[in-house]
Amino acid sequence: MTFYRQVGSIPPKRHTQHRRPDGGLYAEELVGEEGFSSDSSLLYHRGIPSAIVDARPWQLPDQTLTPNAPLVPRHLRLHELFPGEEHKAVDPVTGRRLVLGNADVRISYAVSALPSPYYRNAIGDECVYVERGSATVETVFGALTVGRGDYVIIPRTTTHRWMPSGPEPLRTYVIEASSHIAPPARYLSRYGQFLEHSPYCERDLRGPVEPLLAEGADVEIYVKHRGGGTVHVVPEHPFDVVGWDGCLYPYAFNIADFEPITGRVHQPPPVHQVFAGQNFVICNFVPRKVDYHPLAVPVPYYHSNVDSDEVMFYVDGDYEARKGSGIGKGSISLHPGGHSHGPQPGAVERSLGVEFFDETAVMVDTFRPLDLGEAGLAADDGRYAWSWSGRGPSA
1 MTFYRQVGSI
11 PPKRHTQHRR
21 PDGGLYAEEL
31 VGEEGFSSDS
41 SLLYHRGIPS
51 AIVDARPWQL
61 PDQTLTPNAP
71 LVPRHLRLHE
81 LFPGEEHKAV
91 DPVTGRRLVL
101 GNADVRISYA
111 VSALPSPYYR
121 NAIGDECVYV
131 ERGSATVETV
141 FGALTVGRGD
151 YVIIPRTTTH
161 RWMPSGPEPL
171 RTYVIEASSH
181 IAPPARYLSR
191 YGQFLEHSPY
201 CERDLRGPVE
211 PLLAEGADVE
221 IYVKHRGGGT
231 VHVVPEHPFD
241 VVGWDGCLYP
251 YAFNIADFEP
261 ITGRVHQPPP
271 VHQVFAGQNF
281 VICNFVPRKV
291 DYHPLAVPVP
301 YYHSNVDSDE
311 VMFYVDGDYE
321 ARKGSGIGKG
331 SISLHPGGHS
341 HGPQPGAVER
351 SLGVEFFDET
361 AVMVDTFRPL
371 DLGEAGLAAD
381 DGRYAWSWSG
391 RGPSA
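UniProt numbering puts the first residue of the sequence shown at 1, with every later residue one more than the last.
Encoded structure:
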């Protein structure tokens, strides 16, 4: 994270006694990144955070990955993955279906209505984009109320659970890292403050504002870790933190608060960047005025992904460059490294003179090839690769 927060009850000086009303000591826990050399927070627990009373294996959702071979661009229809009323029996954690992945990042999708179990990802940070619906994300740091258009950044090992709310199913697009996820370094000063050229700033970020204290005994926590999955049973409720302070915590940021950067001619994708992880970046495309040079071509030029695979999740609006391809709301396009891609036939001509694009999309660029998860294979339309030529291998 990029700035300091203080929530609840903490002692005046770190690593000193902090006593309960009955005179006993609260247990101080440091949650930190990169071995005591990066961002951290200090949490003060009523119980002992290391205590467990039982453990059993947890069979994770299918994590199988299949190479994208033969190498082709693909159109994946995510809205077909949870048909009918299936979401009523699904929760936002155990119901995730793996769409794409590699050693650095995994992209999953879920449509759900049930509360998730208590959950901790010990592999990496998660960036969860709320496509539709609303929820309360309860965490050991406190609660976040989130809804349509929110990115939710959950640091590694944060115990939390998702509580869907409202009548609409909760649709979540999960970008799970094997590293940490943070704002791009070029947006920040050397001390971590957002700079003036950044398309968003600290005022746009929503963190927990008060402790979330709960009672309970023998609570199950589902832990995803490098060896698979484990359920830990803890003797006291994990939400026992009376206060914390530091620069590492979950937070939410709404895509509508991203201020797009535009120019006289078409701007490259890095101007849309919102977060970064190891060997991948996250960008968003939002409604915006477009290029204003008198001879500008507003849609992207054709480009070869020499060093990256490009994944675009089409959330809302009318994506000009993809018209005629079958792509719509709820679609993913996968443009792999080694394949030149760009506007569909006729899109360049149709865009001339256009002054505004009404589109919302979330893009992930990876610097290692992406493989297809079971959901990616199930959602593939099988036709997108031929959409620029108008003919396929059987024509």
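Don't be surprised by glycine CBs; every beta carbon is placed ideally from N, CA and C. Being a predicted model, the structure only gives us computed values, none of them experimental.
Under the DSSP assignment, E374 falls in the alpha helix (DSSP H) whose first and last residues are E374 to A379.
DSSP places R74 in the uninterrupted beta strand (DSSP E) bounded by R74 to R77.
Residue Q278 holds the alpha-carbon nearest to the alpha-carbon of V105 among Q278, T145 and G328. Fully enclosed alpha helix (DSSP H) runs of no fewer than 4 residues are not present anywhere in the region 103-167. Here the C-alpha atom of V223 lies approximately 32 Å from the C-alpha atom of A69. Excluding its 5 nearest sequence neighbours in each direction, D62 has C-beta neighbours in its own chain below 8 Å: R97, L98, G373 and E374, listed in chain order. The Cβ atoms of S340 and H293 lie no closer than 8 Å to each other. Separation of D22 and V315 (C-alpha to C-alpha, rounded to the nearest whole angstrom) is 52 Å. Minimum Cα-Cα distance from I175 among the listed residues V90, A214, T158 and V311 corresponds to V311. As the crow flies, the alpha-carbon of G337 is around 30 Å from that of L295. Ranked by Cα distance from A217, the options F239, R206 and N284 are led by F239. Taking C-beta atoms as the reference points, E168 and G133 count as a pair closer than 8 Å. Taken through DSSP and simplified to helix, strand or coil, V311 comes out as strand. Under the three-state reduction of DSSP, P369 is assigned to coil, being neither helix nor strand.
Pairing P208 with Y151 gives a Cβ-Cβ distance that is not under 8 Å. Of the candidates A89, C127, M163 and G376, M163 places its Cα closest to the Cα of S116. In chain order, K289 and V290 place their CB closer than 7 Å to the CB of E355, counting only its own chain and leaving out the 5 sequence neighbours on each side. Sequence-distant Cβ neighbours of E210 in its own chain, meaning closer than 7 Å and more than five residues away, are V7, G8 and G142. R383 sits in coil when the DSSP states are folded into three classes, being neither helix nor strand. Taking one beta carbon from each stretch, the region 38-53 and the region 250-257 have fewer than 3 pairs nearer than 8 Å; the two do not touch. Counting along the chain, E349 sits inside the alpha helix (DSSP H) bounded by residues A347 to S351. A residue is called buried when at least 16 other Cβ atoms come within 10 angstroms of its Cβ; F313 meets this threshold and is buried.
The shortest CA-to-CA distance from T172 to any of Q344, D380, G229 and G330 is the one to G330. Restricting attention to T136, G346 and L78, the CA atom closest to the CA of L114 is found in T136.
Here H197 is exposed, its C-beta having fewer than 16 other C-beta atoms within 10 Å. The beta carbon of H225 lies closer than 7 Å to those of A122 and I123 in the same chain, with the five residues before and after it left out. The criterion of a C-beta distance shorter than 8 Å is not satisfied by A361 and L78. About 6 Å separates the CB atoms of P300 and H266; that is less than 8 Å, so the two are in contact. About 4 Å separates the beta carbon of W244 from that of L43, a gap short enough to meet the 8 Å contact definition.
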